[in-house]
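Inspection log for the structure reproduced underneath, given as structure tokens.
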Amino acid sequence: MDIVGRLAEIQQEIQTVENEKLQQENLLGLLWEHLPVLDPEAVAIGRVMQEIWDRIRALEDQKRALLQEQQSLLVEGAISNRRGNGNNGGN
Numbered sequence: 308m309d310i311v312g313r314l315a316e317i318q319q320e321i322q323t324v325e326n327e328k329l330q331q332e333n334l335l336g337l338l339w340e341h342l343p344v345l346d347p348e349a350v351a352i353g354r355v356m357q358e359i360w361d362r363i364r365a366l367e368d369q370k371r372a373l374l375q376e377q378q379s380l381l382v383e384g385a386i387s388n389r390r391g392n393g394n395n396g397g398n
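Here's what the structure looks like:
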């Protein structure tokens, strides 16, 4: 795949990750608001909340990896472009 195409895909993937992270954070907020105090159900809800936190961390890691890939591709593209323009004074 060409660099431009992959950069476009990365941007879309980042948006998808950000949207899912926001949904997970909203869900976590709802659970936190309605957390029963000292109720046996609280243990189960606590597990669900931990799973949501784990998912949020995984999404943050995924976004970080996408941003690193994006940066690498931008550098690679800049280097390729510079080499392609070798004898025009760097313009």
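Each residue of the sequence shown is one higher than the one before, starting from 308 at the first, in the numbering used here.
The beta carbon of each residue, even a glycine, is placed where N, CA and C say it ideally should be.
Complete alpha helix (DSSP H) runs within the stretch 334-378 (minimum length 4 residues, chain order): none
Pair within 9 Å by beta-carbon distance, I321 and L373: yes
6 Å Cβ shell around Q325 - same chain, five flanking residues per side excluded: The sequence given here has Glu at residue 325, not Gln. Nothing meets the Cβ criterion.
Exposed unless 16 or more other CB atoms sit within 10 angstroms - verdict on L381: exposed
Rounded Cβ spacing between L338 and I352 (contact assumed at less than 8 Å): Yes, they are in contact, since the Cβ atoms of L338 and I352 sit about 6 Å apart, within 8 Å.
Burial state of L366 (16 or more Cβ within 10 Å): Taking a 10 Å sphere around the C-beta of L366, we find 16 or more other C-beta atoms and assign the residue as buried.
Same chain, Cβ closer than 7 Å to Q377, five either side skipped, listed in chain order: L314 and I317
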